[in-house]
Amino acid sequence: MYSAIADNKRKTVIIMAAFLLIVGGLGWLLSHIYAGGRPSVTIGVLIGTAIYTLFTYFSGSRMALAVHGARQVDKRAEPRLYRIVENLVITEGLPMPGVYIMEDPSPNAFATGRNPNNAAVCVTTGLLEIMDDKELEGVMAHELGHIKNYDVRVNIVAFGLTAAIGLLADILLRLSWFGDDDDSSQVMIVLGIAGAVLAPIVATLIQLAVSRQREYLADATGALATRYPEGLASALEKIEEYGSVLKKQNSSTAHLFFANPLKRGSLASLFSTHPLVEDRVRRLREIGHKA
83 MYSAIADNKR
93 KTVIIMAAFL
103 LIVGGLGWLL
113 SHIYAGGRPS
123 VTIGVLIGTA
133 IYTLFTYFSG
143 SRMALAVHGA
153 RQVDKRAEPR
163 LYRIVENLVI
173 TEGLPMPGVY
183 IMEDPSPNAF
193 ATGRNPNNAA
203 VCVTTGLLEI
213 MDDKELEGVM
223 AHELGHIKNY
233 DVRVNIVAFG
243 LTAAIGLLAD
253 ILLRLSWFGD
263 DDDSSQVMIV
273 LGIAGAVLAP
283 IVATLIQLAV
293 SRQREYLADA
303 TGALATRYPE
313 GLASALEKIE
323 EYGSVLKKQN
333 SSTAHLFFAN
343 PLKRGSLASL
353 FSTHPLVEDR
363 VRRLREIGHK
373 A
């Protein structure tokens, strides 16, 4: 159990480091195509990306809640949900997060925030309707696992870096057409175009890989918190049966949700922010058998 958590954390550090390599590589290409190879351009790109990511870091949580029209509730308005979250944070030794509800018939949930002291959990009205207490507790333990493991921070940073890489790649693609006509410049133009096309794809795949690894980690953390992995496994199976696709979809926040909130396409398994439900249920039941 603990070795799986440690392994996922190591993998995520490696994946996040890959973001910086992509940004640095795009900055290097930009400097050679547009500024004669001056290193100051690469440094400027790295600094600009860091500033943009910081902005996303501090504003991303509020934006995610606002995009989905989430409303904050207290113990009087939603005693069942609030009590379950309250009991779990006491068990885990966490500060009480903001508790939100969004109006949507599809069963789903997400956590957001910068850290445990600045976090929120949000569930759909559909989730509250179909889950029994043990299943709802499993879902909330999973979301609090994201907060406890600082997944919410990783997800916000990954989102900011992916957006920055897309912006840089677009600039690089446009500037590559204004190089000189000598052979070396032609080579740099080709590299620039290749980098501009491939970098956003690679960055997106890395972001999705971060999310998938973190879902497994949060499942394991939630199972440890409740001591009842079957509750979370049953919740996943019920969500798979009812469907988790939101009425109001937003691809930029899809990686935050408990289950995939987007419509599935032919490439869903490759570009999915979530691992397959069958895999998650199997792992949870393996944890239950070992307990």
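Read in order, the letters of the sequence shown are residues 83 to 373 in our numbering.
Backbone N, C-alpha and C define an ideal beta-carbon position, used for all residues, glycine too.
Residues near residue i in its chain [Cβ-Cβ closer than 7 Å; skip 5 each side]
i, result
"Val327", "Ser188, Pro343, Leu344 and Lys345"
"Val205", "Leu163, Ile183 and Ala191"
"Leu128", "Val105, Gly106 and Gly109"
"His176", "It is Leu, not His, that sits at residue 176 in the sequence shown. Counting only Cβ-Cβ distances below 7 Å, and skipping sequence neighbours, we find Pro198, Leu226, Ile229 and Lys230."
"Ile212", "Pro189, Lys320 and Tyr324"
Rounded straight-line distance, which links the Cα of residue j to that of residue i
i, j, result
"Tyr324", "Val236", "29 Å"
"Val234", "Thr335", "11 Å"
"Asp156", "Thr303", "25 Å"
"Glu319", "Val363", "8 Å"
"Met98", "Leu299", "16 Å"
"Ala201", "Met145", "13 Å"
"Pro357", "Ser122", "41 Å"
"Arg165", "Gly119", "59 Å"
"Gly130", "Phe339", "29 Å"
"Ile96", "Ser316", "32 Å"
"Leu209", "Thr124", "47 Å"
"Gly126", "Leu287", "25 Å"
"Arg196", "Leu170", "19 Å"
"Asp214", "Ala159", "18 Å"
"Gln374", "Pro311", "Since the first residue shown for the chain is 83 and the last is 373, residue 374 is missing from the structure and cannot be characterised."
"Tyr134", "His371", "45 Å"
"Ala132", "Ala100", "15 Å"
"Val279", "Leu147", "32 Å"
6 Å CB neighbourhood of residue i in its chain, flanking five on each side removed
i, result
"Ala193", "Val203, Glu225, His228, Ile229 and Val234"
"Asn332", "Val149"
"Arg296", "Asp233"
"Arg294", "Pro357"
"Ile369", "Ala305 and Pro311"
Residues bridged to residue i [DSSP beta-bridge criterion]
i, result
"Asn200", "Asn197"
"Leu206", "One point to set straight first is that residue 206 is Thr, not Leu, in the sequence displayed. Answer is Met184, bridged to Thr206."
"Ala146", "Bridge partners of Ala146: none, in fact."
"Gln154", "Tyr182"
"Ala191", "Val205"
"Phe339", "Phe192"
Residue closest to residue i, alpha-carbon to alpha-carbon, out of the options
i, options, result
"Ile183", "Pro161, Thr135, Asn199 and Val279", "Pro161"
"Leu255", "Val272, Met213, Ala246 and Thr244", "Val272"
"Asp361", "Leu338, His337, Lys372 and Glu322", "Glu322"
"Thr207", "Asp186, Asp215, Asp214 and Met213", "Asp186"
"Gly142", "Ala100, Gly370, Ser293 and Ile238", "Ile238"
Same chain, Cβ closer than 8 Å to residue i, five either side skipped, listed in chain order
i, result
"Val167", "Met178, Pro179, Val181, Val203, Met222 and Leu226"
"Leu314", "Glu217, Gly220, Val221, Ala223, His224, Asp301, Gly304, Ala305, Thr308 and Leu366"
"Ala276", "none"
"Gly151", "Met184, Glu185 and Lys330"
"Val359", "Leu318, Glu319, Ile321, Glu322 and Ala341"
"Thr173", "Ala307"
"Arg92", "none"
Is the number of C-beta pairs between the segment 293-307 and the segment 211-226 that are closer than 8 Å three or more?
-> Enough Cβ pairs lie closer than 8 Å, so yes.
Would you call the segment 110-119 and the segment 248-257 touching, i.e. three or more CB-CB distances under 8 Å?
-> Contact between the segment 110-119 and the segment 248-257 is present, because at least three Cβ pairs lie under 8 Å.
At least 3 beta-carbon pairs within less than 8 Å: the segment 137-152 vs the segment 238-247 | A contact exists between the segment 137-152 and the segment 238-247.
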